[in-house]
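S.K.: The structure is given below, and queries will be raised subsequently.
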Amino acid sequence: METLVREKGVNSFQMFMTYKDLYMLRDSELYQVLRACRDIGAIARVHAENGELVAEGAKEALDLGITGPEGIEISRPEELEAEATHRVITIANRTHCPVYLVNVSSMSAGDVIAAAKMQGKVVYAETTTAHATLTGLHYYHQDWFHAAAYVTVPPLRLDTNTSAYLMSLLAKHPMVWAPRSLGTELPRHPMAAVPHSLSSGLPGHP
């Protein structure tokens, strides 16, 4: 990491608290990586979802025969994002490392971030065009291809107040607007192997 920063101009590293058995870092690993980022002056970017419970939720959904895009929303409720958001902010605070949360998708996670900022913790965050303008109701569309076109992680939320809330959070607390979502280069979800297809947040648009 230090070589990448000092010699290659890399200024940030992204970590995942989800994608169990692939990218997911456990708390002790996050602690060590955040300390390393602090020491070399790199930005610690974190995708916050409780990977253990996401994996269990996916298994339960599959056991119930849920294999479509709606399984993304069912297996990744916003409380899992909020819990992981609080946890990584706590870890970052213990390591004295600023943390940058990516793809904030829910009111619950937003509340955690706002509270941390009010407490003086050094927390930055971004949402995406998709999360700030769309809802998870699309996952239940009768046209499978329509529903699949809206898959992203964390998922779009069912609460129709989420978009307005995230926009108000942008106004009240410095956040970053990210035009792109995770994209298709990340692993496919077990729900019918639906790729994460949202980029600009609008199906059919890059």
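Sequential numbering of the sequence shown, starting at 193, is according to the numbering used here. Ideal Cβ positions, reconstructed from N, Cα and C, are used throughout, including at glycine.
(1) Can you tell which of Y292, K200, G328, D231 has the C-alpha that lies nearest to the C-alpha of L350?
(2) My output table needs one value for M209: the three-state DSSP class, helix, strand or coil.
(3) Could you tell me which of A341, H330, T320 sits nearest to L361, measuring between CA atoms?
(4) My output table needs one value for H333: the three-state DSSP class, helix, strand or coil.
(5) Is the stretch 213-230 close to the stretch 251-260, with three or more CB pairs under 8 Å?
(6) Does the stretch 266-276 touch the stretch 195-203, meaning 3 or more C-beta pairs lie closer than 8 Å?
(7) Return the residue from the list M216, Y223, V202 that minimises the CA-CA distance to P290.
(8) Hey, Y292 and R218: beta-carbon distance below 7 Å or not?
(9) So V238 is in the beta strand (DSSP E); what residue range does that whole segment cover?
(10) Does the separation of the CB atoms of V304 and H278 fall below 7 Å?
(11) Give the straight-line distance between the Cα atoms of T287 and S297, rounded to the nearest whole angstrom.
(12) According to the neighbour-count rule (16 or more other Cβ atoms, all chains shown, within 10 Å of its Cβ), is H338 buried or exposed?
(13) Along the chain, where does the beta strand (DSSP E) that runs through V291 open and close?
M.R.: Per the coordinate set shown:
(1) The residue with the shortest Cα to Cα distance from L350 is G328.
(2) The answer is coil: DSSP assigns M209 none of H, G, I, E or B.
(3) Just measuring C-alpha positions, the residue of A341, H330, T320 sitting nearest L361 is T320.
(4) Judged by DSSP in its simplified three-state form, H333 adopts coil rather than helix or strand.
(5) In this structure the stretch 213-230 does not touch the stretch 251-260; the number of beta carbon pairs closer than 8 Å is below three.
(6) Too few Cβ pairs lie closer than 8 Å, so no.
(7) Sorting M216, Y223, V202 by C-alpha distance to the C-alpha of P290 places Y223 at the top.
(8) At least 7 Å separates the beta-carbon of Y292 from that of R218.
(9) Residues 235-239.
(10) The answer is yes: Cβ separation under 7 Å.
(11) A straight line joining the alpha-carbon of T287 with that of S297 spans about 25 Å.
(12) Exposed, since its Cβ has fewer than 16 Cβ neighbours within 10 Å.
(13) First-last of the beta strand (DSSP E) with V291: 291-293.
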